[in-house]
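Below is one structure, written out as structure tokens, with a few remarks after it.
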Amino acid sequence: MFKKILNPILYHGEKKKKNFFEGWYYKIIDRDGKHSFAFIPGIIMGKINETGHSFIQVMDGSNVKADYLKFSKGQFKHNHDPFMIIINNSYFSLTEINLNHYDNNIHIFGSIKIVDVVKWPDSLINPGSMGFYNYLLFMECYSHVCCLDGGIVGELMINKHKYDFTGGKIYIEKNWGKRFPENYLWLQANNFLDKSVALTVSLGRVPLGSFHFNGFLAAFLWKNNVYKFTTINRSKIELCNNHNKIKLSFKKDNYLLNVEAFYKNDEFIKILAPQNGDMVRTVKESITSCIRVEFMDTKKEMMLFQGVSNNAGVEIVGNLVKEKKSL
């Protein structure tokens, strides 16, 4: 168990029999920013012992559609060293995505090599992006940013169309536990003009026993440094959602990070999420939105970075950002 706490990317469900899910999220963009896809391999265990299934969700941002590829639990395999998830004839790691699937709805084949991975900086006390919360074994949902930013090399053939992803970008995260939070927000961007810049943001109303708390984490990669704004390091946050635009401000010491996410309702893709031991909850996610970032040093009164990323990820569930508020 201690090994998995210190390495959150690893599979946590070896001893789970029921009411558990675990899924990894791989989002890729081609070099020219014309095509974005996301692949979600995972496993769900039902409320009754030994029930459930494994799956791969395929999100196509350009065509605003998703395919849900369902497999048996027995077709899910994993490896710890090195990390790898295998589902049927496809596998996923921190160095490669290899897809090989054919059915009446989708034919997808090819390999993507992952290079220049930038991980979330962590420590023994605060492992992974959730930090010391990983040591609390009774939480309902955990998450981890596996790859804040990275490059990709390779091609995929999807329904007879060849996509060249060489020179593109990748982002990887994962979630596991009993269920997703009822209310949460997720933003992600690494398709800026400056290809060395990346952003991830997550916040939600997190159940903790009989209580709830508003937790958040944000990381901004700039000039090879990762600036973290989190509940754990006592950063401040303000947020507002109004007219298809989300505005957030994060403050830690002398750094201020302003984020604006612009989205259209018709670019959201319906995907499935865990609920009551099955993948039956429908949520909506965009991987073709726009995010604008400002990063400032308030002590020096200096603007350090301004930029816009297309093909950004946006997911809004529940009423967490219904109106302007501070957390």
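Its first residue numbered 1, the sequence shown is counted upward by one per residue in the numbering used here. Every residue gets a Cβ at the ideal spot worked out from N, C-alpha and C, and that includes glycine. Keep in mind it's a predicted model, so treat the numbers as computed, not measured.
Beta-carbon proximity of residue i to residue j, cut-off 7 Å
i	j	result
Ser286	Tyr263	yes
Thr298	Leu257	no
Gly52	Ser36	no
Ile87	Ile114	no
Gly177	Cys141	yes
Thr231	Val145	no
Ile269	Met59	yes
Asp30	Phe165	yes
Integer-rounded CB distance, given that residue j should sit under 8 Å from residue i
i	j	result
Asn175	Asn319	Not quite, the Cβ-Cβ distance comes to about 20 Å (not below 8 Å), so this is no contact.
Asp149	Asn190	5 Å
Asn107	Asn159	Reading off the sequence shown, one finds His at residue 107, where the question assumed Asn. His107 to Asn159, Cβ: 6 Å. Contact.
Burial state of residue i (16 or more Cβ within 10 Å)
i	result
Leu217	buried
Pro8	buried
Asp253	exposed
Val280	exposed
Glu22	buried
Lys228	buried
Gly204	buried
Phe211	exposed
Glu50	exposed
Phe76	buried
CB contact below 7 Å: residue i versus chain C
i	result
Tyr68	The chain inventory of the structure shown lacks chain C, comprising one protein chain alone.
Rounded separation between residue i and residue j - CA only
i	j	result
Glu315	Leu136	26 Å
Asn224	Val308	18 Å
Lys34	Gly168	10 Å
Asn233	His80	30 Å
Lys236	Gly215	11 Å
Asn310	Ile170	14 Å
Gly313	Asp266	14 Å
Lys322	Asn89	For Lys322, the predicted structure reports a pLDDT of 45, less than 50, and the residue's modelled location is therefore unreliable. The matter cannot be settled from this model.
Ala219	Tyr11	24 Å
Gln57	Ile43	11 Å
Trp222	Phe71	40 Å
Val283	Met302	39 Å
Phe180	Phe295	30 Å
Closer than 6 Å: residue i CB and nearest the ligand ZN heavy atom
i	result
Gly33	Although the ligand ZN was asked about, the structure shown includes no ligands whatsoever.
Residue i - containing alpha helix (DSSP H), residue span
i	result
Leu6	Phe2 to Leu6
The beta strand (DSSP E) enclosing residue i, as first and last residue numbers
i	result
Met279	Asp278 to Asp297
Ser309	Met302 to Val317
Leu248	Lys245 to Lys252
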